[in-house]
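Numbering (my numbering), first residue to last: 471 to 913. First comes the structure, then the notes that go with it.
Here is the structure:
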């Protein structure tokens with residue numbers, strides 16, 4: 471029986487979503503669990519899977535289109551039902567023949583005008599023409615998206631030399647990026663289009679407008695992606711609407727570093743400083759449960775489970791996947807979970823629900839040599855702990871002599887609506903006590 475696939479409600483507050491890329495083509499048979507289409511939300515690219523075995527009869531939305539939540543994006547049929555014809559199938563589903571999208575066996579050409587600005591450079595699948603070499607010999611027919619071809623030209627790559635991972639061996643953006651990464655070079659940025667000089671504007675007030683930029687000046691405008699706009703909007707709103715306050719602590723971590731060395735010396739999974747920090751933060755939440763809260767319109771919500779977001783630097787930008795139940799995880803389990811979330815953040819395969827929730831986030835820039843910084847709270851979380859690099863400092867020993875110790879500086883940014891200063895101080899004190907006596911993290 472024919473059925474309509476509709477745009478799912480991929481996030482709680484979304485009214486529409488961008489269709490990034492179809493993984494299957496009209497006429498293809500799919501099995502339950504097969505990936506059908508990639509959908510971009512403000513936070514992630516979500517892969518939608520088939521719920522049953524079927525045949526994709528027709529797509530109703532092209533790559534790059536913004537589709538309202540609940541809007542139809544494809545029609546599926548059971549094997550053999552294609553013979554009923556378009557009018558009968560679409561009519562039976564309440565869809566008129568004017569519904570857009572390619573039919574089974576239709577030409578695969580799609581207009582590049584369908585791309586919507588800010589749709590994360592969504593690819594429109596397209597069959598490249600046969601390319602004729604300079605000696606007149608026809609080269610291999612290449613299947614690639616327009617975006618992939620543009621990136622290949624910018625990077626100086628020959629499409630014939632690449633192996634596509636898309637349907638039917640199509641070359642996609644990810645294939646170009648992989649080839650560029652393997653070669654160790656990045657695609658050249660597109661040159662800006664020449665623009666006419668802008669006439670100077672005269673302001674009646676004291677503020678002067680920016681000076682006109684001459685045509686051909688050395689800059690490139692990179693259009694905002696939906697993800698970048700979402701991050702910018704959320705963080706700007708956070709600084710404007712969330713009353714931040716900051717507490718700094720300097721933790722002596724000689725014992726923590728020694729514990730990490732001993733654990734890693736046994737082989738197997740390697741523990742990072744960040745793993746230990748997350749473990750200590752979760753344990754401190756258990757000891758100071760009033761810190762495990764968020765602000766809502768009607769109440770301060772306190773959680774039973776400790777869910778901690780971990781900031782990850784991905785190609786799309788900053789992402790904060792959430793470690794669920796961090797308080798009950800062993801150190802090895804916690805480390806493996808963080809590594810898995812970070813890897814999938816880099817690959818763009820995190821699920822929407824893995825990016826939502828949590829009462830606290832951890833942001834670590836210590837690997838870049840940053841010793842101290844303050845971070846912006848990501849609502850609705852009530853705090854974020856900024857972690858710097860471990861440094862060596864002179865300290866006075868018990869006998870009065872001067873030695874050296876290892877120190878870690880952390881800065882807690884807290885939301886003053888659900889969290890008072892004394893409460894945040896108690897939590898940070900508990901965190902420091904755990905970091906300085908790390909054997910407590912193992913019991």
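Cβ coordinates follow ideal geometry from the N, Cα and C atoms, glycine included. Keep in mind that this is a model prediction, so the values were computed, not measured.
Exposed or buried, which one is residue 892 when buried takes at least 16 other CB atoms within 10 Å?
By the 10 Å Cβ count, residue 892 comes out exposed.
Proximal residues to residue 905 (C-beta, below 8 angstroms), its chain only, five neighbours per side dropped:
Excluding its 5 nearest sequence neighbours in each direction, residue 905 has C-beta neighbours in its own chain below 8 angstroms: 721, 723, 726, 746, 747, 750, 878, listed in chain order.
From the DSSP output, which residues share a beta bridge with residue 689?
Under DSSP, residue 689 forms no beta bridge with any residue.
Where residue 771 sits in the DSSP three-state scheme
Residue state for residue 771 is assigned as strand, using DSSP reduced to three classes.
Grouping DSSP H, G and I as helix and E and B as strand, with all else coil, what is residue 722?
Strand.
Within its chain, find whatever has a CB closer than 6 angstroms to the CB of residue 826; leave out the 5 residues flanking it on each side and keep chain order.
The beta carbon of residue 826 lies closer than 6 angstroms to none in the same chain, with the five residues before and after it left out.
Please report the Cβ distance between residue 523 and residue 507, rounded to the nearest whole angstrom; I am assuming they are in contact, meaning their Cβ atoms lie under 8 angstroms.
With a Cβ gap of about 17 angstroms, residue 523 and residue 507 do not count as contacting.
Helix, strand or coil: how does DSSP classify residue 885 here?
Looking at residue 885 - three-state DSSP - the assignment turns out to be strand.
Can you find the residues in the same chain that come closer than 6 angstroms, C-beta to C-beta, to residue 635, ignoring five residues on each side of it along the sequence?
Only 645 meet the Cβ criterion.
Exposure label - residue 690; buried when at least 16 CB within 10 Å
By the beta-carbon neighbour count (other beta carbons within 10 angstroms, threshold 16), residue 690 is exposed.
Does the beta-carbon of residue 521 have 16 or more other beta-carbons within 10 angstroms, so that it is buried, or is it exposed?
So residue 521 ends up on the exposed side.
Can the beta-carbon of residue 885 be found less than 9 angstroms from the beta-carbon of residue 712?
Going by C-beta atoms, residue 885 is nearer than 9 angstroms to residue 712.
For residue 888 and residue 471, what's the separation of their Cα atoms in angstroms?
Annotation: residue 888 to residue 471 spans about 53 angstroms, alpha carbon to alpha carbon.
For residue 856 and residue 843, which I take to be in contact (beta-carbon distance under 8 angstroms), what is that distance rounded to the nearest angstrom?
That belief holds up - the Cβ atoms of residue 856 and residue 843 are roughly 5 angstroms apart, short of 8 angstroms.
Buried/exposed call for residue 734, threshold 16 Cβ in 10 Å:
Classified as exposed, residue 734 has fewer than 16 neighbouring CB atoms from the shown chains inside 10 Å of its CB.
Taking the alpha-carbon positions, what's the residue 830 to residue 784 distance?
Distance from the CA atom of residue 830 to the CA atom of residue 784, rounded to whole angstroms, is 20 angstroms.
Should the segment 529 to 547 be called in touch with the segment 485 to 497, which here means at least 3 C-beta pairs below 8 angstroms?
Counting C-beta pairs with one atom in each stretch, the segment 529 to 547 and the segment 485 to 497 have three or more that are closer than 8 angstroms, which means they touch.
Between residue 496 and residue 527, which are expected to be in contact by the criterion C-beta below 8 angstroms, what is the C-beta distance as a whole number of angstroms?
Contact between residue 496 and residue 527 holds, with the beta-carbon distance rounding to 7 angstroms and staying under 8 angstroms.
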